[in-house]
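Undergrad: My questions all concern the structure below.
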Amino acid sequence: MLNDDREQFRGDARRRLLLVGGCLGGAFAVLCGRLFFLQVMRGGQYRTLAEDNRISLKPISAPRGRIFDRENRILVDNSPNFEVVVTPELAGTLRYLLRRLGRFIDLSEDEVKLLLQQARRQRSFLPLRVKSHLTWEEVSGIEVRIHEFPGVDLQSQTVRSYPFDSLASHVLGYLGEPSDADRKRFPKLSFRSGDLVGKSGVEQHFETTLRGREGVLEMEVNAVGRHVRELHRTPPQAGNDLLLSLDADLQKEGQEALGDNTGAIVVMDPNNGEILALVSNPTYDPNQFMRRMTHAQWQELVTDPNRPLSNKPIQGQYPPGSTFKIVVALAGLAAGKLDPRESVFCGGSLIQGDQHFYCWRRQGHGSVGLVQAITQSCDVYFYKLAERLGIDAIERQARKMGLGAVTGVDLGGERPGLIPSRSWKRKMFKSGWFPGETMITGIGQGYVLTTPLQMASMISTVANGGTVYRPSLLRLQPGQKPDVMSQNTFSSHHLAVLRQALEAVVNDPLGTGNKARLDGEIRVAGKTGTSQVARHKREKSGKLIKTTNEKLQDHAMFVCYAPVEHPKIAISVVVEHGGHGGATAAPLAKRVMESFFSKRDGPVG
Amino acid sequence: MKISLGSGSLLSQGGASSLGWVERLRRFPWSLLLLLTFTSTVGFGILYSAVGGEDNIWLFWRQIMQFGIGIGIMGSVALVAGEKIYRRFSYLFYAFSLFLLVMTMIMGSVGMGARRWLELGFLRLQTSELMKVALILALARYFHDREGAKGLGWWSMSVAFLMILCPMALIIKQPDLGTAVLLGAVGMTMIVVAGLSWKVLLVLILVLGASMPLVWNGMHTYQKQRIITLFSPERDPLGSGYHIIQSKIAVGSGGLTGKGFMAGSQSQLNFLPERHTDFIFSVLAEEWGFLGGIGLLLLYLLIIMRSLLISEMANDRFGLLTVVGATMLFAIQVVVNVGMVLGLLPVVGVPLPLISYGGSSMVTTMIAMGLLAHVSIHSKQHGRSV
Numbered sequence: 001m002l003n004d005d006r007e008q009f010r011g012d013a014r015r016r017l018l019l020v021g022g023c024l025g026g027a028f029a030v031l032c033g034r035l036f037f038l039q040v041m042r043g044g045q046y047r048t049l050a051e052d053n054r055i056s057l058k059p060i061s062a063p064r065g066r067i068f069d070r071e072n073r074i075l076v077d078n079s080p081n082f083e084v085v086v087t088p089e090l091a092g093t094l095r096y097l098l099r100r101l102g103r104f105i106d107l108s109e110d111e112v113k114l115l116l117q118q119a120r121r122q123r124s125f126l127p128l129r130v131k132s133h134l135t136w137e138e139v140s141g142i143e144v145r146i147h148e149f150p151g152v153d154l155q156s157q158t159v160r161s162y163p164f165d166s167l168a169s170h171v172l173g174y175l176g177e178p179s180d181a182d183r184k185r186f187p188k189l190s191f192r193s194g195d196l197v198g199k200s201g202v203e204q205h206f207e208t209t210l211r212g213r214e215g216v217l218e219m220e221v222n223a224v225g226r227h228v229r230e231l232h233r234t235p236p237q238a239g240n241d242l243l244l245s246l247d248a249d250l251q252k253e254g255q256e257a258l259g260d261n262t263g264a265i266v267v268m269d270p271n272n273g274e275i276l277a278l279v280s281n282p283t284y285d286p287n288q289f290m291r292r293m294t295h296a297q298w299q300e301l302v303t304d305p306n307r308p309l310s311n312k313p314i315q316g317q318y319p320p321g322s323t324f325k326i327v328v329a330l331a332g333l334a335a336g337k338l339d340p341r342e343s344v345f346c347g348g349s350l351i352q353g354d355q356h357f358y359c360w361r362r363q364g365h366g367s368v369g370l371v372q373a374i375t376q377s378c379d380v381y382f383y384k385l386a387e388r389l390g391i392d393a394i395e396r397q398a399r400k401m402g403l404g405a406v407t408g409v410d411l412g413g414e415r416p417g418l419i420p421s422r423s424w425k426r427k428m429f430k431s432g433w434f435p436g437e438t439m440i441t442g443i444g445q446g447y448v449l450t451t452p453l454q455m456a457s458m459i460s461t462v463a464n465g466g467t468v469y470r471p472s473l474l475r476l477q478p479g480q481k482p483d484v485m486s487q488n489t490f491s492s493h494h495l496a497v498l499r500q501a502l503e504a505v506v507n508d509p510l511g512t513g514n515k516a517r518l519d520g521e522i523r524v525a526g527k528t529g530t531s532q533v534a535r536h537k538r539e540k541s542g543k544l545i546k547t548t549n550e551k552l553q554d555h556a557m558f559v560c561y562a563p564v565e566h567p568k569i570a571i572s573v574v575v576e577h578g579g580h581g582g583a584t585a586a587p588l589a590k591r592v593m594e595s596f597f598s599k600r601d602g603p604v605g
Numbered sequence: 001m002k003i004s005l006g007s008g009s010l011l012s013q014g015g016a017s018s019l020g021w022v023e024r025l026r027r028f029p030w031s032l033l034l035l036l037t038f039t040s041t042v043g044f045g046i047l048y049s050a051v052g053g054e055d056n057i058w059l060f061w062r063q064i065m066q067f068g069i070g071i072g073i074m075g076s077v078a079l080v081a082g083e084k085i086y087r088r089f090s091y092l093f094y095a096f097s098l099f100l101l102v103m104t105m106i107m108g109s110v111g112m113g114a115r116r117w118l119e120l121g122f123l124r125l126q127t128s129e130l131m132k133v134a135l136i137l138a139l140a141r142y143f144h145d146r147e148g149a150k151g152l153g154w155w156s157m158s159v160a161f162l163m164i165l166c167p168m169a170l171i172i173k174q175p176d177l178g179t180a181v182l183l184g185a186v187g188m189t190m191i192v193v194a195g196l197s198w199k200v201l202l203v204l205i206l207v208l209g210a211s212m213p214l215v216w217n218g219m220h221t222y223q224k225q226r227i228i229t230l231f232s233p234e235r236d237p238l239g240s241g242y243h244i245i246q247s248k249i250a251v252g253s254g255g256l257t258g259k260g261f262m263a264g265s266q267s268q269l270n271f272l273p274e275r276h277t278d279f280i281f282s283v284l285a286e287e288w289g290f291l292g293g294i295g296l297l298l299l300y301l302l303i304i305m306r307s308l309l310i311s312e313m314a315n316d317r318f319g320l321l322t323v324v325g326a327t328m329l330f331a332i333q334v335v336v337n338v339g340m341v342l343g344l345l346p347v348v349g350v351p352l353p354l355i356s357y358g359g360s361s362m363v364t365t366m367i368a369m370g371l372l373a374h375v376s377i378h379s380k381q382h383g384r385s386v
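Same order as they appear, the protein sequences are chains R and C.
Note that the working numbering has the first sequence beginning at 1, numbered continuously upward.
Note that the working numbering has the second sequence beginning at 1, numbered continuously upward.
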């Protein structure tokens, strides 16, 4: 009985055990299936995740290309920036160590507090930057005692340096943290925090050339980020150096010539468009941008009324004044509406309708032909010439000589200037063009605006016989053809007359540009200009009332080239509020030319 | 089996207890010990890789030592006691274990946020481990005593449930959800095998399902977190989801054949947490791949099947249910641990038997194995077959 019962139980238990075993088998099957899913079906995916865990990529920064002038003098360099770092886990008591370090480097109590705070936040094996931009004294002070400071390390990074400080700062530019615009401009570059990018000048324009290719260090790391070993290293590729067309001596001379004046000087090679000097005054020191500028320094740069950050040769737009008469004269000759021998009477002013148009020389120039009109810069002659030509012909000639449009120089932020026309006036003012406006355009006043670089390019075109080159800041390689923007065909007769007049400006005793005359054999051809800032006030008699407000004073202009036979150099000078071009701007051009020719041919004179 | 041995369990009791040592050794299930030793040895290899480096190599040696002690315990449990001893003292043992659990509740020492250990001077006892064995024996005795009752009524069922629920409640309070669930699952399986009527089983399942929301509300925040994490570990990748994510990465990246011994980046570079204890299966799966993982699961399946075979040899209900309980204790741990490592079950602290580092787990496992061997040694089928 008992055994029967036992046997019955055993049979029952066997059935029930089968159920339990079945459940277990099912569970094991699920586990195997899951294992198959994770390892075989999703294996590749998880392998990638494991690699991501394991490998940390550390960029190795590539040295940026350096920048040289045309004589291989280094204008922008990479110099070491020493910094002292400490690895807290090796340092023992950090507070005590920092206090001892404070004897050799300048560390304020606040800085120490900040460092201790930061040390608490990050993992103790990660290095902590104590101080950067160490002086040589600080570096050597720590270096000889490095064994006394466990966990302390001296590291050097490269930092951009500008050995000539403010020399050509507007051409060279400076670096800064990338903005959204920079990211948009270089979609292929991946910027990281601490990365710098050219913000202005050639540093900005030639970013892709100067910038190297970052290297990568592949490190194996463990779960807390500690480096275990190096897996692979892709070395960085240094950026390319730039060889500029600038001549540091000439640039320096121009900068010194301007002195405290606000203004611009552009020196070009008229035969290929190479820029030898591009001076903008006042300047700034790009080194300031590399050693964290203080707020006060930045404010000073931004609020200075003379706007040291603006690059005046390409961003300053001035009425060209009488220098524009070159364009008007060429327009007249080209149109066949100007006979150079024809004389015009200048009585000091001209009445057109109810308007008075004054010549700068109150008593007038008497009867003048083209050459005298340019030499003495007679305004009445050009009022009449302009009236005869009409605005369309003047506009056409100005544009053919590269005015009213950007020159295409290798710099960002260039402004186009302004050559007015009927359609422009209709668009801007919704009114027609008045003949009086043509007349003041004839002497480079009114709406017309040019940049100093455009004027240098314009006078270069006269010097080389008609070619408008794209101004280049890079030195042309041997055999490299310069970029040509447009080609004017001047008749040799017209050109000869104009050149004769420009030569007389500097050399004729009555010429307005005598102060640009060189002492030696080299002859200079040029044109002065005085560009009106505010409408001149006159007495009833027409006599000019001199203004005492310096900001309303005229800008002084001068363009020239030399030597007249085979021009090697073309110059454009603007001195803001400098008064008469012949008095203020011409001597600066002379100084630059002396420097240029004495270097080539020995001392002038 | 016919009535050839006469009428009494008394007689057979006398016969079995007089088994000589040689006979006991002869009847010892050596094949089971061989499987256990082989699996443990595989475990030593994984552990060697998991502790990685000389600093922690003592863990490896200690685990080998613990297995040695474990064999001693298994042998003692299997060989020394007479046939009826465990049955006779099962209730007392259960009561003692329950008492210790209460004492742990009152004066246990706290470690990792849970009160699980009782300091007994020289010994640091994890009392819930003791209860695993005690519950198996007590339940086996309970159903053995109700031999002959036709089915199991509500009343006797309720007592059995109470025997399970009391220690479970105490252990949940510690809190140690893993052990409590393990205890419940083992006890439940024993009840089912003992003869729970299918109707009652169905009702129980329904009631259990219905009470889930209540259970959920009664859980600790961290326990709820683990379950939420299971279904969406990406919600908190560096916090509660970290274990599951890193474990799945380790397992998955192992692929078909694995990265090789000591070459698993997840385990060697510390991405894998608890890699020498609860997550040691991930180390195996990463370094030996799908083939290694399947291999180990097959080994476990062999052990489980070999163990269940012993139930066929049991002389009585006590023996049979002891075998079922001990086997399930082992099997459920394997399933829960591997399920957790593979991201199928919530992260509960259930070790992988024989392989996870740890003395308590090793001792409990080997006691259970010793009980299996004990049933096998005292089986009358041995006598018959001679």
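Every residue, glycine too, gets a C-beta built ideally from N, C-alpha and C.
Would you list, in chain order, the members of the segment 156-184 of chain R that have their beta-carbon closer than 7 Å to a beta-carbon of chain C?
TA: none
Undergrad: Quick one: does C:Gln63 have its CB under 8 Å from some CB of chain R?
TA: Residue numbering aside, residue 63 of chain C sits at position 63 when the second sequence is read from its first letter. Chain R, which has no Cβ nearer than 8 Å to the Cβ of C:Gln63, makes this no.
Undergrad: Out of R:Arg34, R:Gln445, R:Val84 and R:Leu24, point me to the one whose CA is closest to C:Leu344's CA.
TA: Numbered from its first residue, the second sequence carries residue 344 of chain C at position 344. Looking at the Cα atoms, R:Arg34 is the closest of the given residues.
Undergrad: In chain C, what lies closer than 8 Å to R:Leu17 by C-beta?
TA: Along the first sequence, read from residue 1 onward, the residue named residue 17 of chain R stands at position 17. Simply Val193, Leu308, Ser311 and Val324.
Undergrad: Hey, would you say R:Thr438 sits closer than 8 Å to R:Ile391, going by beta carbons?
TA: For the purposes of this step, residue 438 of chain R is identified with residue 438 of the first sequence, where counting begins at 1. For the purposes of this step, residue 391 of chain R is identified with residue 391 of the first sequence, where counting begins at 1. A contact, by the Cβ cut-off of 8 Å.
Undergrad: Measure the alpha-carbon distance for R:Leu385 versus R:Ile351 and round it to whole angstroms.
TA: Counting from 1 along the first sequence, the entry for residue 385 of chain R is found at position 385. Counting from 1 along the first sequence, the entry for residue 351 of chain R is found at position 351. Going by the C-alpha atoms only, they are around 15 Å apart.
Undergrad: Assuming contact is defined by CB atoms lying nearer than 8 Å, are R:Pro482 and R:Ser472 in contact in what I supplied?
TA: As a working note, residue 482 of chain R is residue 482 in the first sequence. As a working note, residue 472 of chain R is residue 472 in the first sequence. Yes, the pair counts as a contact, with Cβ atoms nearer than the cut-off.
Undergrad: Measuring alpha carbon to alpha carbon, tell me which residue in R:Gln155, R:Val152 and R:Leu172 is nearest R:Ser161.
TA: Translated into the one-based positions of the first sequence, residue 161 of chain R becomes position 161. Here the closest residue by C-alpha is R:Leu172.
Undergrad: Could you work out which residues of chain C lie near R:Gly11, taking near to mean beta carbons separated by less than 9 Å?
TA: Counted from its first residue, the first sequence places residue 11 of chain R at position 11. Per Cβ cutoff of 9 Å: no residues; R:Gly11 is ~11 Å from chain C at best.
Undergrad: Please state if the CB of R:Asp554 and the CB of R:Val533 are separated by a distance shorter than 8 Å.
TA: Walking along the first sequence from the start, residue 533 of chain R turns up at place 533. Walking along the first sequence from the start, residue 554 of chain R turns up at place 554. Their beta carbons are under 8 Å apart, which means R:Val533 touches R:Asp554 by this criterion.
Undergrad: Report yes or no: do the segment 352-368 of chain C and the segment 278-297 of chain C share at least 3 C-beta pairs separated by less than 8 Å?
TA: yes
Undergrad: Since R:Arg213 and R:Ala62 are thought to touch, with beta carbons under 8 Å apart, how far apart are those beta carbons, to the nearest angstrom?
TA: Locating residue 213 of chain R in the first sequence gives position 213, where the first residue counts as 1. Locating residue 62 of chain R in the first sequence gives position 62, where the first residue counts as 1. Between R:Ala62 and R:Arg213 the Cβ distance is about 6 Å, and since that is below 8 Å, they are a contact.
Undergrad: Quick test of the definition: if touching needs 3 or more C-beta pairs under 8 Å, does the segment 219-238 of chain R touch the segment 309-319 of chain R?
TA: no
Undergrad: Determine the chain C residues that contact R:Leu38 at a beta-carbon separation under 7 Å, and present them in chain order.
TA: For the purposes of this step, residue 38 of chain R is taken as residue 38 along the first sequence, with counting starting at 1. Lys248, Val251, Gly252 and Leu342, listed in chain order.
Undergrad: For a minimum of 4 consecutive residues, which ranges assigned as the alpha helix (DSSP H) are wholly contained in the segment 22-77 of chain R?
TA: 43-54
Undergrad: Near C:Val207, which residues of its chain fall below 7 Å by C-beta distance, leaving aside the five closest residues on each side in sequence?
TA: Reading the second sequence from its first residue, position 207 is the one you call residue 207 of chain C. Result list for C:Val207: empty, nothing under 7 Å.
Undergrad: Where do the N-terminal and C-terminal ends of the beta strand (DSSP E) with R:Phe345 fall, by residue?
TA: Walking along the first sequence from the start, residue 345 of chain R turns up at place 345. Element bounds for R:Phe345: Val344 to Cys346.
Undergrad: If you measure from the beta carbon of R:Gln45 to each beta carbon in chain C, is any gap under 8 Å?
TA: As a working mapping, residue 45 of chain R is identified with position 45 in the first sequence. Chain C contact via Cβ: present.
Undergrad: Look at R:Arg607 and R:Arg70 and say whether their C-beta atoms are less than 8 Å apart.
TA: In the structure as shown, chain R begins at 1 and stops at 605. Residue 607 of chain R is therefore absent and cannot be evaluated.
Undergrad: Based on DSSP bridge pairs, tell me the residues matched to R:Thr323.
TA: The count along the first sequence starts at 1 and reaches residue 323 of chain R at position 323. DSSP output for R:Thr323 lists no bridge partner at all.
Undergrad: What is the DSSP secondary structure of C:Tyr357, counted as helix, strand or coil?
TA: Taking the second sequence and counting its residues from 1, the one referred to as residue 357 of chain C is at position 357. Coil at C:Tyr357, not helix or strand.
Undergrad: Measuring CA to CA, which of R:Asp110, R:Ala586 and R:Pro420 is closest to R:Ala525?
TA: As a working mapping, residue 525 of chain R is identified with position 525 in the first sequence. Looking at the Cα atoms, R:Ala586 is the closest of the given residues.
Undergrad: Using a Cβ cut-off of 7 Å, pull out every chain C residue sitting near R:Ala27, in sequence order please.
TA: Taking the first sequence and counting its residues from 1, one reaches residue 27 of chain R at position 27. Ordered by position in chain C, the residues that pass the 7 Å Cβ test against R:Ala27 are Val335.
Undergrad: Give the straight-line distance between the Cα atoms of C:Trp21 and C:Phe38, rounded to the nearest whole angstrom.
TA: For the purposes of this step, residue 21 of chain C is identified with residue 21 of the second sequence, where counting begins at 1. For the purposes of this step, residue 38 of chain C is identified with residue 38 of the second sequence, where counting begins at 1. C:Trp21 and C:Phe38: Cα-Cα distance of roughly 26 Å.
Undergrad: Which bits of chain C does R:Asn222 rub up against, with CB to CB less than 7 Å?
TA: Mapped onto the first sequence, residue 222 of chain R falls at position 222. In chain order: Leu269 and Asn270.
Undergrad: Decide if C:Gln189 is buried, meaning its Cβ has at least 16 other Cβ atoms within 10 Å, or exposed.
TA: In the second sequence, counting from the first residue as 1, residue 189 of chain C sits at position 189. Sequence check: residue 189 of chain C is Thr here, not Gln. C:Thr189 comes out buried.
Undergrad: Please report whether the beta-carbon of R:Gly21 lies at a distance below 8 Å from any beta-carbon of chain C.
TA: Reading the first sequence from its first residue, position 21 is the one you call residue 21 of chain R. R:Gly21 counts as touching chain C.
Undergrad: Comparing C-alpha positions only, which one of C:Ala210, C:Gly260 and C:Gly241 sits nearest to C:Lys224?
TA: By one-based count along the second sequence, residue 224 of chain C stands at place 224. Comparing Cα positions, the closest option is C:Gly241.
Undergrad: Per DSSP, what kind of secondary structure is C:Leu352 in: helix, strand or coil?
TA: Numbered from 1 along the second sequence, position 352 holds the residue referred to as residue 352 of chain C. Note: C:Leu352 maps to coil in three-state DSSP.
Undergrad: Do you know offhand how far R:Gly254's Cα is from R:Phe164's?
TA: The residue you call residue 254 of chain R lines up with position 254 of the first sequence. The residue you call residue 164 of chain R lines up with position 164 of the first sequence. Near 14 Å, if we compare the C-alpha coordinates of R:Phe164 and R:Gly254.
Undergrad: Among all the DSSP beta bridges, which residues are the ones paired with R:His555?
TA: In the first sequence, the residue the question calls residue 555 of chain R occupies position 555. R:His555 is bridged to R:Ser531.
Undergrad: Within 10 angstroms of its Cβ, does R:Val144 collect 16 or more other Cβ (buried), or is it exposed?
TA: Indexing the first sequence from 1 puts residue 144 of chain R at position 144. So R:Val144 counts as exposed.
Undergrad: To the nearest angstrom, how far is it from the Cα of C:Trp155 to the Cα of C:Met74?
TA: The sequence position of residue 155 of chain C within the second sequence is 155, counting from 1. The sequence position of residue 74 of chain C within the second sequence is 74, counting from 1. Looking at the two C-alpha atoms, the distance is approximately 36 Å.
Undergrad: Could you tell me whether the Cβ of R:Arg42 comes closer than 8 Å to any Cβ of chain C?
TA: The residue given as residue 42 of chain R occupies position 42 in the first sequence. Cβ-Cβ to chain C under 8 Å: yes for R:Arg42.
Undergrad: Are C:Gly292 and C:Gly258 touching if we call contact CB-CB under 8 Å?
TA: Residue numbering aside, residue 292 of chain C sits at position 292 when the second sequence is read from its first letter. Residue numbering aside, residue 258 of chain C sits at position 258 when the second sequence is read from its first letter. Yes.
Undergrad: Where C:Val335 and C:Gly70 are concerned, what is the direct C-alpha to C-alpha distance, given to the nearest angstrom?
TA: Locating residue 335 of chain C in the second sequence gives position 335, where the first residue counts as 1. Locating residue 70 of chain C in the second sequence gives position 70, where the first residue counts as 1. Straight-line Cα distance between these residues: approximately 22 Å.
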